[in-house]
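Basically the working numbering = 1-based index in the sequence shown + 14. From the three backbone atoms N, C-alpha and C, an ideal C-beta is built for every residue, glycine too. The structure appears right after this line, and notes come after that.
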Amino acid sequence: MATSEHLQRCVQATLSLPTCKASEMRLIEQSEGRAVCRLTATEAVCANTGALSGGDLYGLLDSVAYLGVITMLPDDATGVSHDAHFSLLTMAPLGSEVEVRSEVQRLGRNVAFIRVEAFVVTDGGMKQLAMATITKSIISLKQRLRHAPGA
């Protein structure tokens with residue numbers, strides 16, 4: 015199980031990713047195997063279409079999946095995506111608030127299966143925007159970092 019200091023570093027690194035920053039993503043809740051984030055469909059992630067870009071949304075869903083799975087891993091391990099299936103159900107108009115929830119469905123020694131759902135926040139509640147199943151390989155952080163630029 016990750017230490018709180020390690021989790022804080024992982025959260026900060028994830029929220030600092032360009033798409034996360036551009037959508038003003040913030041962590042609302044994080045517990046074992048779960049994460050909830052809120053973001054805004056800003057102009058930067060709407061690609062001049064008036065709605066949240068599907069490509070950016072895919073990256074945001076994957077980021078929230080990571081924030082959920084990292085809570086279940088030791089400090090010397092990480093999860094890297096190797097399979098993902100996304101379904102977009104509706105649009106998130108420019109300026110709308112979006113909530114993304116991830117939950118680890120199954121965690122093995124070498125792989126994690128994560129379900130992610132996104133909702134457009136409305137006055138009347140939530141409207142489902144997208145859903146995804148993401149599979150992450152569990153690898154040592156040392157192995158991951160050896161592929162980092164300059165390593």
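Contact check for residue 130 against residue 79 passes: the beta carbons are separated by less than 8 Å. One thing to note: residue 100 has its Cβ no nearer than 8 Å to the Cβ of residue 66. Our two residues, residue 31 and residue 58, have alpha carbons roughly 13 Å apart in a direct line. Non-local beta-carbon contacts of residue 28 in its own chain, meaning distances under 7 Å to residues more than five positions away in sequence, involve 34, 77, 80 and 81 in chain order. According to the DSSP secondary-structure assignment, residue 71 is paired through a beta bridge with no residue. Taking a C-beta distance under 8 Å as the contact criterion, residue 155 and residue 112 do not qualify as a contact pair. The beta-bridge partner set that DSSP reports for residue 97 consists of 149.
Taking 8 Å as the cut-off, the beta carbon of residue 91 is found closer than this to the beta carbon of residue 153. Counting C-beta atoms within 10 angstroms of its own C-beta, residue 70 has 16 or more neighbours from the protein chains shown and is therefore classed as buried. Given a length threshold of 4 residues, each whole run of the alpha helix (DSSP H) inside the region 25-54 is given here in chain order: 32-36. In its chain, beyond the 5 residues on either side, 68 and 144 have a beta carbon closer than 6 Å to the beta carbon of residue 102. Taking C-beta separations shorter than 8 Å and ignoring five residues to either side along the sequence, the partners of residue 44 in its chain run 21, 25, 50, 81, 82 and 85, following chain order. Taking C-beta separations shorter than 7 Å and ignoring five residues to either side along the sequence, the partners of residue 48 in its chain run 82, 116 and 117, following chain order. In this structure residue 142 touches residue 133 by the C-beta definition: roughly 6 Å separates them, less than 8 Å. Judged by DSSP secondary structure, residue 134 falls within the beta strand (DSSP E) whose first and last residues are 125-136.
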